[in-house]
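Peer 1: The opening position of the sequence shown corresponds to residue 667 in the numbering used here, with each subsequent residue numbered one higher.
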Amino acid sequence: MSQQETHGFQTEVKQLLNLMINSLYSNKEIFLRELVSNAADAADKLRYEALTNDALYEGDGELRVRISADADKGTITISDNGIGMTRDSVIENLGTIAKSGTAEFFNTLSGDDTKDSQLIGQFGVGFYSSFIVADKVTVRTRAAGHSADEGVLWESAGEGDFTVENITKETRGTEIVLHLRKDEQDFAQEYRLRSIITKYSDHISVPVEMFEEGTPAIEASEDQEAVAAVEGSWKPMNKATALWTRNKSDISKEEYEEFYKHISHDFTGPLSWSHNRVEGKQEYTSLLYIPSKAPWDMWNRDRKHGLKLFVQRVFVMDDAEQFMPSYLRFMQGIIDSNDLPLNVSREILQENKVTTALRTAVTKRALGMLEKLAKNDAEKYQTFWAEFGQVLKEGPAEDMVNKERVAGLLRFASTHTQEATPTVSLADYIGRMQEGQSKIYYIVADSHDAAANSPHLELLRKKGIEVLLMSERIDEWLVNHLTDFDGKQLHSVTRGDLELGDLEDAAEKEAQEKLETESEGLVKRVKDSLGDKVSAVKVTTRLTDTPACVVASEGDMSTQMIKLMEAAGQAAPESKPIFEINPEHPLVARLNDEQDEAVFAQWVELLLQQAQLSEKGSLVDPSAFIKLMNQMLLAKLN
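#1: Among Glu1045, Gln988 and Gly999, which residue has its Cα nearest to the Cα of Glu1017?
#2: State the DSSP-derived secondary structure class of Asp1152, mapped to helix, strand or coil.
#3: Decide if Ala1118 is buried, meaning its Cβ has at least 16 other Cβ atoms within 10 Å, or exposed.
#4: Which partner residues does Ile742 have in the DSSP bridge list?
#5: Cutting at 8 Å between CB atoms, please list the residues of its own chain near Glu1053, excluding the five before and the five after it.
#6: Among the residues of its own chain, which have a CB less than 6 Å from the CB of Ser795, if the five just before and after it don't count?
#7: Can you have a look at Asn1248 and say buried or exposed, based on whether 16 or more other CB atoms are within 10 angstroms of its CB?
#8: Pull up the CB-CB distance for Ser1113 and Ser1137, whole angstroms please, since I reckon it's below 8 Å.
#9: Grab me the residues of Met1295's own chain with a C-beta within less than 7 Å of its C-beta, minus the 5 sequence neighbours each way, in chain order.
#10: Determine the extent of the beta strand (DSSP E) in which Glu671 is found, giving its start and end residues.
#11: May I ask which residues mark the beginning and end of the alpha helix (DSSP H) holding Gln1056?
#12: Is Thr1307 helix, strand or coil by DSSP?
#13: Just reading off the alpha helix (DSSP H) that Ala1073 is part of, what are its end residues?
#14: To the nearest angstrom, how far is it from the Cα of Leu973 to the Cα of Arg979?
#15: Which residues in the same chain as Glu1040 place their Cβ atom closer than 6 Å to its Cβ, once the five residues preceding and following it in sequence are excluded?
#16: If you check the beta carbons only, do Glu921 and Pro902 fall under 7 Å apart?
#17: Roughly how many angstroms separate the alpha carbons of Phe771 and Asn966, rounded to a whole number?
#18: Is the beta carbon of Leu1006 closer than 7 Å to that of Trp872?
#19: Look up Ala1079 in the DSSP assignment and give the residues it is bridged to.
#20: Within a Cβ cutoff of 6 Å, which residues of the same chain sit near Asp1168, ignoring the five residues on either side of it in sequence?
#21: Measuring alpha carbon to alpha carbon, tell me which of Ile1140, Glu1165 and Leu1188 ends up nearest Leu1125.
#22: Please classify Val1286 as buried or exposed, where buried requires at least 16 neighbouring CB atoms within 10 angstroms.
#23: What's the C-alpha gap between Gln1226 and Arg1161?
#24: Alpha carbon to alpha carbon, how far is Ser734 from Ala895? Give it in angstroms, no decimals.
#25: Just to confirm before moving on: does the CB-CB distance between Glu945 and Arg838 stay below 7 Å?
#26: Does Arg806 come out as helix, strand or coil in the three-state DSSP assignment?
#27: Whole angstroms are fine: how far does the CA of Val1110 sit from the CA of Pro1288?
#28: Cα-Cα, which of Asp1211, Ile1244 and Asp726 is closest to Ser1306?
#29: Note the first and the last residue of the continuous beta strand (DSSP E) segment covering His941.
#30: In whole angstroms, what separates the C-alpha of Ala1173 from that of Thr1210?
#31: On the criterion of 16 or more Cβ atoms from any shown chain inside 10 Å, does Met751 qualify as buried, or is it exposed?
#32: What does the Cβ neighbour count give for Leu1299, buried or exposed, with the cut at 16 atoms within 10 Å?
#33: Is it buried or exposed, Tyr1108, if we count other Cβ atoms within 10 angstroms and call 16 or more buried?
#34: Below 8 Å on the Cβ atoms is my contact criterion, and I expect Ile870 with Ala706 to pass it. Report the Cβ-Cβ distance as a whole number of Å.
#35: Near Gly748, which residues of its chain fall below 6 Å by C-beta distance, leaving aside the five closest residues on each side in sequence?
#36: How long is the line joining the alpha carbons of Val1305 and Val1145, rounded to whole angstroms?
This is how it looks when you write it as structure tokens:
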């Protein structure tokens, strides 16, 4: 009984196929790279499963991928003798995109073919790239270890639905037949296929074969082996050696880049890579890549990340996150260990001493790659920072051992550059510190403009002291864990006393003390007027052009941290700001002369709410502020 059924594609698949069919890709030949890559993965997975169940080989342990074409029929066939699929896995794998957040991904598509092509490349579409060149795709597959009558036939024209039925398939594995569009018939020419395989799949560790000896290309079929034996032979088109096992001097730049695209399914080349073989107490090989583009779902909590793990050249698992800390989750690559058991599981990896040692070594290698990139190619490092900088900022809190190294890789905007682009390192800042300066000053705000124009910078700007300008959501969390660098304390200009230390001369300190003494009456009067709305009232040491500001006490939570907690739906602990006034500002001087206590209270309330608006960017009751301001404007007009 064939049990043919028709199924509708998942909504996101329909959107993706529409993009494919309308020729989104300018480089159409990548369809073959994707399908060969999937076939090689199927072979790797069978090899791993067969470690504990040799019967899965079914007497055929020579794993391979075969490609043939029929120019007359306009078809290309890609077949493998890998793990294969059951009926259920066919429906699941070829009818849906098994990635969380796919709906949000498609909402980001703009309709601009160039930009959308880059996004799709980062999304990774694998099998669906078939529809770049084909108007119908036929898949025949059978899972290893299942009987011949449990084969499955899948077919679709990419127009919203697909059919599935049971068939008899004598051999395990998967065979994909692409029925080429009329304007894509050139791909059915053998010379074209050979050139594509050589270009994109030379690094594949299983043989990628084509039929030779002058025999016309033939469609793959169940009796293909017999035909091949009589009329010709299958010859590998690739080196069929795991790239990372070869000598670095024998591997070209193009081969390294294509291997990256194979393991990452990213159509954009990497920024840098490091190929390293270690022998001695531990024996392993690592090949790490720094991508040039962030995946669209970088911030998705369910997103899998990690290196591909091989044990003695045998593929074990994708996304082995145990070898790379979360703040380096953007790194791509492989690790091949001689010291782990072949049947290692994720649970065993979690507690294995070898895993810990490898994680330490690979983390140091990754940080070294970033340091080298930052030192030798500032432009490329800025490209990296724009894509992954916020992720790297998680490092100081997560990795105490490498905290200083990670901090050295961070980049910030500052008052020195006058640009919103973060280009300043902490080492750059220290190198420009003034004589007598002992702290690294910074400010965290909602935006770059809010930080750059904050009244808290007035005195520092007047003295020419550089301030780091931070405006990303993670920055407040970062500075709570990164309290110092290279012996210099990080100090927020919005918290407690400004503490300029030796940057203030004796005359300035004396003038400030005199101003505080002269303003004692005003300070008390303002505090009495505000009551418990503020924790204290002080004469400011940080303002030159603004009448007043609010700052957080040393032990209290900062404004930005409170915002982060509230955004996460958490209640922040109650805290009251310190209200600092500038007695030399005309408004405050006029306030000091006001005899009417009711009017005085209105002016004080207005200055407090102005300061809170400047600091927080919002008010609890903006309508009350507007009403108060209008009342005072009317009073002046009258």
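Positions of the beta carbon are idealized from the N, C-alpha and C atoms, including for glycine.
Peer 2: So, from the listed chains and residues:
#1: In this structure, Gln988 is the residue among Glu1045, Gln988 and Gly999 with its C-alpha nearest to the C-alpha of Glu1017.
#2: Coil, per DSSP.
#3: It counts as buried.
#4: Ala735 and Leu844, per the DSSP bridge assignment.
#5: Contacts found: Pro957, Ser958, Lys959, Ala960 and Phe996.
#6: Exclusion of the five residues before and after Ser795 leaves Phe697 and Glu700 as the residues of its chain whose Cβ lies within less than 6 Å of its Cβ.
#7: With 16 or more other Cβ atoms within 10 Å, it is buried.
#8: About 5 Å; that satisfies the 8 Å criterion.
#9: Result list for Met1295: Leu1272, in chain order.
#10: Start and end: Glu671 to Gly674.
#11: Per DSSP, Gln1056 belongs to the alpha helix (DSSP H) from Ala1044 to Leu1058.
#12: Given that the chain is displayed from residue 667 to residue 1304, the structure contains no residue 1307 and the question cannot be resolved.
#13: Element bounds for Ala1073: Lys1069 to Leu1075.
#14: Just so you know, the alpha carbons of Leu973 and Arg979 end up roughly 14 Å apart.
#15: The sequence as given places Ala at residue 1040; Glu does not occur at that position. Excluding residues within five positions, the ones whose Cβ falls inside 6 Å are Tyr1047.
#16: The answer is no: Cβ separation not under 7 Å.
#17: Caution is warranted here: a pLDDT of 48 is assigned to Phe771, below 50, making its placement in the model unreliable, and no coordinate value can be reported.
#18: According to the sequence displayed, residue 872 carries Val and not Trp. No.
#19: Per DSSP, the beta-bridge partners of Ala1079 are Leu1135.
#20: For Asp1168, the CB contacts under 6 Å within the same chain, skipping 5 residues up- and downstream, are Gly1102 in chain order.
#21: When only C-alpha atoms are compared, the closest one is Glu1165.
#22: Val1286 is exposed by the Cβ-count criterion.
#23: Distance between Gln1226 and Arg1161, taken at the CA atoms: about 12 Å.
#24: Annotation note: pLDDT 49 at Ala895 (below 50); position unreliable, no value reported.
#25: The Cβ atoms of Glu945 and Arg838 lie no closer than 7 Å to each other.
#26: Annotated three-state conformation of Arg806 is strand, per DSSP.
#27: In this structure, the straight-line span from the alpha carbon of Pro1288 to that of Val1110 is close to 23 Å.
#28: Here the chain covers residues 667 to 1304 and nothing more, so residue 1306 does not appear.
#29: His941 -> beta strand (DSSP E) spans Ser938 to Val944.
#30: Going by the C-alpha atoms only, they are around 17 Å apart.
#31: Classification of Met751: buried, given that the 10 Å Cβ count is 16 or more.
#32: Taking all protein chains in view, the Cβ of Leu1299 is surrounded by fewer than 16 other Cβ atoms within 10 Å, so the residue is classified as exposed.
#33: By the neighbour-count rule (16 or more Cβ atoms within 10 Å), Tyr1108 is buried.
#34: Contact between Ile870 and Ala706 holds, since their C-beta atoms are separated by about 5 Å, short of 8 Å.
#35: Once the five neighbours on either side are set aside, the close Cβ partners of Gly748 are Ala708, Ala709, Leu712 and Gly839.
#36: Only positions 667 to 1304 of the chain appear in this structure, which leaves residue 1305 out of reach.
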